[in-house]
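Residue numbers (the numbering used here): 18 to 311.
See below for the structure under consideration.
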């Protein structure tokens with residue numbers, strides 16, 4: 018008998034013996050166990066590339082007492098399905114109940130930016146910076162939303178924060194990218210170049226690139242999916258549009274190529290596709306099964 022069944026049986030026995038308070042405690046424990054199982058099912062559906070079903074389940078579980086972590090999971094599903102306005106609203110609830118809302122403000126800022134709500138995105142980032150003043154990534158996000166003028170308060174703030182961050186840290190790397198953008202805005206191109214060099218050095222320290230690791234990963238994927246026929250992962254619907262797929266490994270320049278193509282008036286950027294990940298989940302099945310990289 019599982020935890021739900023044990024607690025339910027205890028509740029029945031306690032109620033029959035007149036211990037109603039004990040029965041209530043047991044039934045509440047049973048309901049918590051049932052909820053945990055339902056949340057686990059949501060995670061399984063998400064891992065299997067079935068976000069619509071996962072969201073349907075999570076909407077049933079959601080309520081006025083939902084935690085920030087639970088609401089983040091809901092927002093992730095809504096974002097996956099392109100429901101950006103709904104995800105923004107859900108993150109708003111997470112921000113309200115979270116003990117440390119800074120990370121959720123940053124997430125919401127990204128979604129606002131996706132929808133072109135740049136003023137709202139900037140407000141969220143500035144609010145997050147008051148809570149997480151040493152988070153270099155927030156400064157980098159901010160640098161993509163607004164230009165910095167000579168003497169602006171944010172410029173001096175970045176210089177002060179840099180003195181407090183650990184040299185070579187990932188947060189320092191993000192901050193130096195933001196500083197480079199700000200220095201470029203005010204025409205200090207030499208200093209901007211130095212900031213970019215510093216940022217890239219820190220990035221290489223935190224995210225080292227090893228070609229042999231990449232080659233092994235690529236070969237493992239090819240070996241694992243050698244028997245998969247294209248017909249198993251073909252799209253079920255067609256379109257009169259003519260898409261261009263830009264493929265490549267991480268940090269190989271695919272985003273840059275997409276941006277160059279999207280600069281043409283007859284082209285529109287479609288963003289990153291999760292098609293490969295969905296195909297992997299469809300072939301592997303159980304998300305607890307061994308992966309090609311195991």
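Ideal Cβ placement from N, Cα and C applies to all residues, glycine included.
Here the structure is a predicted model, which is why all the values come from computation and not from measurement.
Look at residue i and residue j and say whether their C-beta atoms are less than 8 Å apart.
{"i": "residue 141", "j": "residue 157", "result": "no"}
{"i": "residue 108", "j": "residue 94", "result": "no"}
{"i": "residue 222", "j": "residue 185", "result": "yes"}
{"i": "residue 120", "j": "residue 84", "result": "no"}
{"i": "residue 36", "j": "residue 58", "result": "no"}
{"i": "residue 139", "j": "residue 163", "result": "yes"}
{"i": "residue 10", "j": "residue 118", "result": "No statement about residue 10 is possible, as the shown extent of the chain runs from 18 to 311 and does not include it."}
{"i": "residue 261", "j": "residue 278", "result": "yes"}
{"i": "residue 182", "j": "residue 161", "result": "no"}
Can you list, in chain order, the residues of its chain whose CB lies under 6 Å from that of residue i, leaving out five sequence neighbours each side?
{"i": "residue 89", "result": "111"}
{"i": "residue 215", "result": "193"}
{"i": "residue 146", "result": "155"}
{"i": "residue 309", "result": "Unreliable positioning characterises residue 309 in this predicted model, as indicated by a pLDDT of 42, which lies under 50. The coordinate reading is nonetheless provided below. 237, 238 and 241."}
{"i": "residue 303", "result": "Below a pLDDT of 50, predicted positions are generally treated as unreliable, and residue 303, at 47, falls in that range; the measurement from the model is reported next regardless. Here the set comprises nothing."}
{"i": "residue 33", "result": "none"}
{"i": "residue 203", "result": "167"}
{"i": "residue 143", "result": "none"}
{"i": "residue 317", "result": "Because the chain in this structure spans residues 18 to 311, residue 317 falls outside the shown range and cannot be described."}
{"i": "residue 284", "result": "278"}
With a CB to CB cut of under 7 Å and the five nearest residues on each side skipped, what residues in its chain are close to residue i?
{"i": "residue 209", "result": "197, 200 and 201"}
{"i": "residue 311", "result": "Reliability fails at residue 311, whose pLDDT of 37 lies under 50, so the model's placement of it is uncertain and the value that follows must be treated cautiously. Nothing listed; no residue qualifies."}
{"i": "residue 275", "result": "263 and 286"}
{"i": "residue 205", "result": "none"}
{"i": "residue 129", "result": "105, 137, 138 and 141"}
{"i": "residue 220", "result": "190"}
{"i": "residue 70", "result": "62"}
{"i": "residue 97", "result": "68"}
{"i": "residue 305", "result": "Because the pLDDT at residue 305 is just 47, under 50, the model does not fix this residue reliably, and the value given afterwards should be weighed accordingly. Cβ within range, chain order: n/a, list empty."}
{"i": "residue 103", "result": "95"}
Grab me the residues of residue i's own chain with a C-beta within less than 8 Å of its C-beta, minus the 5 sequence neighbours each way, in chain order.
{"i": "residue 264", "result": "271"}
{"i": "residue 213", "result": "193, 194 and 197"}
{"i": "residue 179", "result": "189, 192, 193 and 196"}
{"i": "residue 307", "result": "Confidence is the limiting factor: at residue 307 the pLDDT is only 45, short of 50, which leaves the residue's position unreliable and the question unanswerable from this model."}
{"i": "residue 78", "result": "52, 55, 56, 59 and 87"}
{"i": "residue 76", "result": "91"}
{"i": "residue 29", "result": "40"}
{"i": "residue 173", "result": "none"}
{"i": "residue 101", "result": "95, 128, 131 and 132"}
{"i": "residue 175", "result": "156, 192, 195, 196 and 199"}
Compute every distance between the C-beta of residue i and the non-hydrogen atoms of the ligand NAP, then say whether any falls below 7 Å.
{"i": "residue 225", "result": "With respect to the ligand NAP, the structure offers nothing, as it holds no ligand at all."}
Is the shortest distance between the beta-carbon of residue i and the beta-carbons of chain B less than 8 Å?
{"i": "residue 93", "result": "Given the protein chain composition of this structure (a single chain), no chain B is represented."}
Ordered list of alpha helix (DSSP H) runs contained in the segment 174-205, each at least 4 residues: 187-202
Segments assigned alpha helix (DSSP H), at least 4 residues, entirely inside the segment 209-251: 228-241
Ranges of the alpha helix (DSSP H) found wholly within the segment 52-76, counting only runs of at least 4: none
Runs of alpha helix (DSSP H) wholly within the segment 77-154 (minimum 4 residues, chain order): 85-97, 101-114, 119-131 and 135-148
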